[in-house]
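Chemist: One structure, pasted below without further comment.
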Ligand code: PHE
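Numbering (the numbering used here), first residue to last: 2 to 443.
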């Protein structure tokens, strides 16, 4: 069987950006900003994205395209030995993230419904109480989690180019436009300027090892790197794509959306007197307030959560595609079986994640509720370690292959080639290792 490929060059960029842009940008980034000192976190994040993030993303795309395989197979064909372990880490990681990602994805469906049915639009509502009541309910979030997972499974069943590519072309641009409109409303709320300042005026004394580790793990999570998603998407690439340029575009879109989302959420946090460090509910608590304050707010609100749902879907699809590609390539399972089995197990992983925000809140593993535990293992451990290994692999083990991929066999100039090599071999691995050690042990 010949390997499926993207339908066009733009198709790949949109799919890769679709993977990157998701809940990480709109749900996670703003609350991490709130928890980690505001603008100082934003600056740290930007520095890490532009250095380590860009380095890792280009490496993953190059590894994937060179190997034309899933992450495990890619390391096996390019070198073998123990390297495929990096791929296995990624396959497991994708799967674990999908488990809780789908729970949050379910929240976006729930909030779309709640915008329409009036739960979030009556005057004088306490949005914080509504949010905590909703996530603590033992049943309602699980139903939405099931719906979200079913949608993810449905798209991945159709395969990469028909299923994944088509959606991104329409929905990503629409999301961008809506974000810009919402910023207009958020920054003109009474008291919003304190939020703008918190978000944009760095107080560098707030930077410590925890903040830097949070920024690094968010960079990996948001860019979908360190676990093989970009290897997998890169494996469906043909030889004419310009990889450095694709990297720049994907990173630009992903970072742009995160910055815009923060520019809606942070002003609203201050305008409405919400605690910036309120945690994972921040976006869901503040945005309904913004919608309430604008003409046609119900329509904007429902539209926004619906677009966020699609952004989340194009990411969850890439999460599921990683283990699916592994089963198809390596174990010769049919796409259908792979998708159904893996989607089913990921659904089960989501159940304790969701319940850990309510009736199972006191059940802790290593001191963390289940959802936080999964988040910690994946974005603070596996992805940075996976990213570190991939950089070393690209820089030291298969550099001639990387050079060929980044320049399309020497036909496209890539001025930063020596810089990239140096980043891969030394700077990125050393920085990741140092940040991990400081953040986890220090
Ligand atoms: N980058 C996605 C987001 O920001 C999440 C994701 C992580 C997707 C890892 C694929 C791989 O929502």
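Cβ coordinates follow ideal geometry from the N, Cα and C atoms, glycine included.
All values reported here derive from a predicted model rather than from experimental measurement.
Taking one C-beta from the region 89-101 and one from the region 263-272 each time, how about it: are there three or more such pairs within less than 8 Å?
Modeler: Because the criterion of three Cβ pairs below 8 Å is not met, the region 89-101 and the region 263-272 do not touch.
Chemist: Reducing DSSP to helix, strand and coil, say where residue 369 ends up.
Modeler: On the chain shown, residue 369 is found 368 positions in, with the first residue counted as 1. Strand.
Chemist: Counting only the same chain and skipping the five closest in sequence on each side, list residues whose C-beta sits under 7 Å from that of residue 389.
Modeler: Taking the first residue of the chain shown as 1, we reach residue 389 at position 388. If we look at residue 389 and ignore the five residues flanking it on each side, its Cβ neighbours are 430, 433 and 434.
Chemist: If you follow the alpha helix (DSSP H) that residue 432 is in, where does it begin and where does it stop?
Modeler: Position 431 of the chain shown holds residue 432. Element bounds for residue 432: 429-441.
Chemist: Going by beta carbon distance, what residues of the same chain come within less than 7 Å of residue 115, once the five residues before and after it are set aside?
Modeler: To locate residue 115, count along the chain shown from 1; it is residue 114. Cβ within range, chain order: 121.
Chemist: Do you know offhand how far residue 252's Cα is from residue 131's?
Modeler: Stepping through the chain shown from its first residue, residue 252 is reached at position 251. Stepping through the chain shown from its first residue, residue 131 is reached at position 130. One C-alpha to the other measures close to 34 Å.
Chemist: By the three-class DSSP mapping on this structure, what secondary structure does residue 319 have?
Modeler: If you number the chain shown from 1, residue 319 lands on position 318. Note: residue 319 maps to helix in three-state DSSP.
Chemist: Using a Cβ-Cβ cut-off of 6 Å (strictly less than) and excluding sequence neighbours within five positions of residue 302, which residues of its own chain qualify?
Modeler: As a position in the chain shown, residue 302 is number 301, starting the count at 1. Closer than 6 Å at the Cβ level, and outside the excluded window around residue 302, lie 116 and 292.
Chemist: Pick out whichever of 308, 41 and 189 has its Cα sitting closest to the Cα of residue 209.
Modeler: For the purposes of this step, residue 209 is identified with residue 208 of the chain shown, where counting begins at 1. Comparing Cα positions, the closest option is 41.
Chemist: DSSP on residue 237, reduced to helix/strand/coil?
Modeler: If you number the chain shown from 1, residue 237 lands on position 236. Here residue 237 sits in coil by DSSP.
Chemist: What residues sit near the ligand PHE, counting only those whose C-beta is closer than 6 Å to one of its heavy atoms, in chain order?
Modeler: The filter returns 20, 21, 23, 24, 25, 26, 98, 222, 223, 225, 228, 230, 316, 319 and 320, in chain order.
Chemist: Here's the rule: buried if 16 or more other CB atoms are within 10 angstroms of the residue's CB, otherwise exposed. What is residue 224?
Modeler: The residue you call residue 224 lines up with position 223 of the chain shown. So residue 224 ends up on the buried side.
Chemist: Compute the distance between the beta-carbons of residue 220 and residue 50, then report whether it is under 7 Å.
Modeler: Here residue 220 refers to the residue found at position 219 when the chain shown is read from its first residue. Here residue 50 refers to the residue found at position 49 when the chain shown is read from its first residue. Yes, they are a contact pair.
Chemist: Check whether the Cβ atoms of residue 112 and residue 306 lie closer than 7 Å to each other.
Modeler: Within the chain shown, residue 112 is the residue found at index 111, counting from 1. Within the chain shown, residue 306 is the residue found at index 305, counting from 1. Closer than 7 Å, so yes.
Chemist: Let's test the definition: count the other Cβ atoms within 10 Å of the Cβ of residue 240 and tell me whether it reaches 16, buried, or not, exposed.
Modeler: Here residue 240 corresponds to residue number 239 of the chain shown, with the count starting at 1. Looking at its Cβ environment, which holds fewer than 16 other Cβ atoms inside 10 Å, residue 240 is exposed.
Chemist: What is the residue span of the alpha helix (DSSP H) that residue 255 lies within?
Modeler: In the chain shown, the residue the question calls residue 255 occupies position 254. Unbroken alpha helix (DSSP H) run through residue 255: 244-272.
Chemist: Only counting the same chain, and skipping five residues up and downstream in sequence, which positions put a Cβ closer than 6 Å to that of residue 348?
Modeler: Taking the chain shown and counting its residues from 1, the one referred to as residue 348 is at position 347. The answer, listed in chain order, is 150.
Chemist: In this structure, how does DSSP classify residue 38 when only helix, strand and coil are distinguished?
Modeler: As a working note, residue 38 is residue 37 in the chain shown. Residue 38: coil per DSSP, three-state reduction.
Chemist: Would you mind working out which of 10, 391 and 397 sits nearest residue 53, comparing C-alpha positions?
Modeler: Start at 1 with the first residue of the chain shown, and residue 53 comes out as number 52. Cα-wise, what sits closest to residue 53 is 391.
Chemist: Is it true that the region 326-340 meets the region 155-163, where meeting means three or more beta-carbon pairs spaced less than 8 Å apart?
Modeler: Yes: at least three Cβ pairs fall under 8 Å.
Chemist: I'd like to know whether the C-beta of residue 51 is nearer than 7 Å to at least one C-beta of chain C.
Modeler: The displayed structure is made up of one protein chain only, and chain C is not part of it.
Chemist: Measure the beta-carbon distance from residue 169 to residue 315 and round it to whole angstroms, keeping in mind my assumption that it falls under 8 Å.
Modeler: As a first step, residue 169 is located in the chain shown; it is residue number 168 there, counting from the start. As a first step, residue 315 is located in the chain shown; it is residue number 314 there, counting from the start. Confirmed, about 5 Å.
Chemist: One question on the structure: do residue 234 and residue 67 come within less than 7 Å of each other, judged by their Cβ atoms?
Modeler: The residue given as residue 234 occupies position 233 in the chain shown. The residue given as residue 67 occupies position 66 in the chain shown. No; because the gap between Cβ atoms is not below 7 Å, this pair is not in contact.
Chemist: Please report the residue range of the alpha helix (DSSP H) in which residue 81 lies.
Modeler: For the purposes of this step, residue 81 is identified with residue 80 of the chain shown, where counting begins at 1. Segment: none, residue 81 is in no alpha helix (DSSP H) and carries neither H nor E.
Chemist: If you drop the 5 nearest sequence neighbours on each side, which residues of the same chain put their C-beta closer than 6 Å to that of residue 23?
Modeler: Against the chain shown, residue 23 aligns to sequence position 22. Here the set comprises 312, 313 and 316.
Chemist: What residue from 104, 63, 186 and 183 has the CA that sits closest to residue 147's CA?
Modeler: The count along the chain shown starts at 1 and reaches residue 147 at position 146. Of the candidates 104, 63, 186 and 183, the one whose C-alpha sits nearest the C-alpha of residue 147 is 104.
Chemist: Do the CB positions of residue 27 and residue 193 come within less than 7 Å of each other?
Modeler: Within the chain shown, residue 27 is the residue found at index 26, counting from 1. Within the chain shown, residue 193 is the residue found at index 192, counting from 1. For residue 27 and residue 193, no; Cβs fall outside 7 Å.
Chemist: Let me know if residue 199 comes out buried or exposed under the rule of 16 or more other beta-carbons within 10 Å of its beta-carbon.
Modeler: By 1-based counting over the chain shown, the position of residue 199 is 198. Buried, by the Cβ-count rule.
Chemist: List the endpoints of the continuous alpha helix (DSSP H) containing residue 167.
Modeler: Sequence index remark: in the chain shown, residue 167 carries index 166 (1-based). It spans 167-188 - the alpha helix (DSSP H) in which residue 167 sits, taken as one unbroken run.
Chemist: Assuming contact is defined by CB atoms lying nearer than 7 Å, are residue 436 and residue 213 in contact in what I supplied?
Modeler: Along the chain shown, one-based indexing puts residue 436 at 435. Along the chain shown, one-based indexing puts residue 213 at 212. Yes.
Chemist: Measuring alpha carbon to alpha carbon, tell me which residue in 106, 176, 34 and 402 is nearest residue 320.
Modeler: On the chain shown, residue 320 is found 319 positions in, with the first residue counted as 1. Here the closest residue by C-alpha is 106.
Chemist: Kindly indicate which three-state DSSP category residue 414 falls into: helix, strand or coil?
Modeler: Reading the chain shown from its first residue, position 413 is the one you call residue 414. Three-state result, residue 414: coil.
Chemist: Please report the Cβ distance between residue 236 and residue 71, rounded to the nearest whole angstrom; I am assuming they are in contact, meaning their Cβ atoms lie under 8 Å.
Modeler: Walking along the chain shown from the start, residue 236 turns up at place 235. Walking along the chain shown from the start, residue 71 turns up at place 70. Right, their Cβ atoms sit about 7 Å apart.
Chemist: Please state whether the Cβ-Cβ distance between residue 35 and residue 217 is less than 7 Å.
Modeler: Stepping through the chain shown from its first residue, residue 35 is reached at position 34. Stepping through the chain shown from its first residue, residue 217 is reached at position 216. Not a contact, by the Cβ cut-off of 7 Å.
Chemist: Whole angstroms are fine: how far does the CA of residue 401 sit from the CA of residue 80?
Modeler: Here the question's residue 80 lines up with position 79 in the chain shown. Here the question's residue 401 lines up with position 400 in the chain shown. Cα-Cα distance, rounded: 12 Å.
Chemist: On the premise that residue 290 lies in contact with residue 76, defined as a C-beta separation below 8 Å, what is that separation, rounded to the nearest angstrom?
Modeler: Counted from its first residue, the chain shown places residue 76 at position 75. Counted from its first residue, the chain shown places residue 290 at position 289. That belief does not hold up - the Cβ atoms of residue 76 and residue 290 are roughly 47 Å apart, past 8 Å.
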